[in-house]
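In what follows, a single structure is set out as structure tokens and then discussed.
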Amino acid sequence: MVLASIFSPSLIKVDLESEDKNEVFEELVEVFVANNPHVSRLDLLDAIRAREDKQSTGIMRGIAIPHGQLDSISGVKGVIGISRNGIEYDSLDREPVHLVFMLFSSCSSCSFHLGVLHRVATLLKDPAFFPSMLEQRSSEGVYSTICKYEDVLLSAFV
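Residue numbers (this note's numbering): -14 to 143.
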């Protein structure tokens, strides 16, 4: 399972405290760096902000998928955040964001990066996925939900 290998409970933060997009970038990058201390916090923030400057990654219906590329990352890695109150994100639909999938990849992992974005987008198409994620009160619960839905997704293609 691809997403289950990218995210782990230690890379999931429920109950984000951030109120806006820049705060959530800082908050989730801190979680990421705590698990990947060899990666520069500033480089991560620069990569996310450079991508965000092109167009908002707040896609719709309370979901954002900020992502960036940098050479200090091998493959694709990520962190997830859930906000109960919603984050002012300048989303395409102007709605607050409640679920954030933040992804980082190396510049040489472009096709894998796109594949991961596609897989996340496919899970988000399931109308039950988003509410199931928001119901979770622990990082382990969020991780289990991802595994469950990714398993269903994989079985649909077998």
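Glycine is no exception: its CB is placed at the ideal position from the N, C-alpha and C atoms.
query, result
"How far does the beta strand (DSSP E) with VAL61 in it reach, from first residue to last?", "61 to 72"
"Assign VAL143 to one of three DSSP states: helix, strand, or coil.", "Annotation note: pLDDT 46 at VAL143 (below 50); position unreliable, coordinate value reported separately. In the structure shown, VAL143 sits in coil (DSSP, three-state: anything other than H, G, I, E or B)."
"Which same chain residues, not among the five before or five after PHE17, have their C-beta less than 6 Å away from its C-beta?", "VAL64"
"Assuming LEU1 contacts GLU12 under a Cβ cut-off of 8 Å, what Cβ separation, rounded to an integer in Å, is found between them?", "6 Å"
"Based on Cα-Cα distance, which residue from GLY66, ILE44, LYS39, GLY47 lies nearest to GLY53?", "LYS39"
"Please tell me whether VAL61 and PHE97 are closer than 9 Å, where the distance is taken between their beta carbons.", "yes"
"In angstroms with no decimal places, state the Cα-to-Cα distance between GLY66 and ILE44.", "15 Å"
"Under 9 Å, do LEU88 and ILE48 count as touching if we go by C-beta distance?", "no"
"For chain C, is any of its Cβ atoms less than 9 Å away from the one on SER90?", "Here chain C cannot be found, since the structure has a single protein chain."
"Using the rule of at least 16 other Cβ atoms within 10 Å of the residue's Cβ for burial, across every protein chain shown, is LYS6 buried or exposed?", "buried"
"With a cut-off of 8 Å on the beta carbons, I'd call MET118 and LEU84 a contact; round off their distance for me.", "6 Å"
"Checking 9 Å against the spacing of the C-beta atoms, do ALA51 and GLU37 come in under that value?", "It should be pointed out that residue 51 corresponds to Pro in this sequence rather than to Ala. Yes; because the gap between Cβ atoms is below 9 Å, this pair is in contact."
"If you check the beta carbons only, do GLU8 and ILE58 fall under 9 Å apart?", "no"
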